[in-house]
Amino acid sequence: MKRGQALAQARSVLADNNIDDALIEGEILLRHILGINRAQLFSDLDCDVSPYQVKNLMEFVARRVRGEPTSYIIGYREFYGLDFMVNPHVLIPRPETELLVDKAISLARNNPIFKVADIGTGCGAVAISLAINLPEITVYATDISSSALEVARENCRIHKALDRIILLQGDMLGPLPELVDLIIANLPYVRETDISTKGLLSFEPRLALNGGKKGLDKIEQLCYQAGEKLHKNGSLLLEIAQGQAEAVTNNLHNIFPSALIEVERDLAGIERMVYLGLTH
0 MKRGQALAQA
10 RSVLADNNID
20 DALIEGEILL
30 RHILGINRAQ
40 LFSDLDCDVS
50 PYQVKNLMEF
60 VARRVRGEPT
70 SYIIGYREFY
80 GLDFMVNPHV
90 LIPRPETELL
100 VDKAISLARN
110 NPIFKVADIG
120 TGCGAVAISL
130 AINLPEITVY
140 ATDISSSALE
150 VARENCRIHK
160 ALDRIILLQG
170 DMLGPLPELV
180 DLIIANLPYV
190 RETDISTKGL
200 LSFEPRLALN
210 GGKKGLDKIE
220 QLCYQAGEKL
230 HKNGSLLLEI
240 AQGQAEAVTN
250 NLHNIFPSAL
260 IEVERDLAGI
270 ERMVYLGLTH
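Take 0 as the starting number for the sequence shown in numbering that gives the first Met the number 0 and just add one per residue.
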């Protein structure tokens, strides 16, 4: 079988089973099997694919059809221009979370930010992206899950960031040993009733998704704790779900009446990030 034929077959099966982005996902699975990049794939679609590779490809396609996320199948996910190892112990990084990284980098380049805390680090994508783009900072990366921290540690090793990222196990801000200049967090914000037993979310760790009845349990907890761990002119960045901005900003206004609070939208126009800047 030729590469082009294998690609068409994978895409056809995915599309017939109503997999979103079947064209892209079929390509990703084939490129992973072949160990080549996109340019290499499309530059020679007439190259032969071995029966063993075709068998592996269709096994991957079958797993995707059963609902398993492509990132878990191939073992990594691209985020902020870097590849991060992922497995079912960690949430798969989403493109919208890059907004947090963009904002944090902008803040750090215009303010004296040297100590950053990434709360609920998961695979470490946010912490590592910050450490690579801001070589002058130290990042504390916390997670309640020891299994998640093992994944984060491996990603730190892969990206040579172990010297500036301090991994700490524990709940929320509890493990932080000192005050920091910036707290950044993509916490569980899915409402408990919205976590389906089917689909992509069913494969991801419930601990990283479940935000309680309104999806705000962990976010509200962090808001109340933040003042105890931020320097006097520190900042807080929170990723939120659609429809949560008003509740989160009202909560922050009550806790920090004099703080600057802003909401930013993602590329889809959804209110996705809340920024809080302390002023004294």
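Ideal placement from N, C-alpha and C gives every residue a C-beta, glycine not left out. Keep in mind that this is a model prediction, so the values were computed, not measured.
If only uninterrupted alpha helix (DSSP H) runs of at least 4 residues are considered, those enclosed by the segment 44-116 are 50-64, 69-73 and 97-109. Taking the Cα of E149 as reference, the smallest distance to any Cα among R163, L175, G121 and D162 is reached at G121. If you look at L259, you'll find it in the beta strand (DSSP E) that goes L259 to R264. Non-local C-beta neighbours of V125 in its own chain, meaning closer than 7 angstroms and more than five positions away in sequence, comprise T96, L99, V100, D117, I183 and N185, ordered along the chain.
Membership of H252 in any beta strand (DSSP E) is not indicated; the residue belongs instead to the alpha helix (DSSP H) covering A244 to I254. DSSP places R271 in the strand class (E or B) of the three-state scheme. When the alpha-carbon of M57 is set against those of I104, R76, Q4 and L44, the nearest one is in Q4.
Per DSSP, L236 is one residue of the beta strand (DSSP E) stretching across L229 to E238. One Cα belongs to Q168, the other to A147, and the distance between them is close to 9 angstroms. Bounds of any beta strand (DSSP E) do not take in V189, whose DSSP letter is neither H nor E. Beta bridge pairing from DSSP links Q168 with D142.
The three-state secondary structure of L277, taken from DSSP, is coil.
In the DSSP assignment, D180 falls within the unbroken beta strand (DSSP E) covering V179 to A184.
In the structure shown, I32 falls within a helical segment according to DSSP collapsed to helix, strand and coil. Classified as exposed, K159 has fewer than 16 neighbouring CB atoms from the shown chains inside 10 Å of its CB. Per the DSSP secondary-structure output, I131 pairs with nothing in a beta bridge. Going by DSSP, E203 is part of no alpha helix (DSSP H) at all; its letter is neither H nor E. In the structure shown, K212 falls within a coil segment according to DSSP collapsed to helix, strand and coil.
In the three-state reduction of the DSSP assignment, K1 falls in the strand class, which pools E and B. The continuous alpha helix (DSSP H) containing Q39 extends over residues R37 to S42. Under DSSP, T137 takes part in a beta bridge, and its partners are K114.
Under the Cβ criterion (8 angstroms, minimum of three pairs), the segment 57-75 counts as touching the segment 11-20.
Excluding its 5 nearest sequence neighbours in each direction, G276 has C-beta neighbours in its own chain below 7 angstroms: S234, A258 and L259, listed in chain order. Residues of the same chain with a CB within less than 8 angstroms of the CB of L28, apart from the 5 flanking positions on each side, are A9, L56, F59, V60, R63, T69, I72 and I73 in chain order. Separation of the CB atoms of P187 and G210 is rounded to 4 angstroms, and the pair is thereby assigned contact status at 8 angstroms. Assignment of L13 by DSSP, reduced to helix, strand and coil, places it in the helix class.
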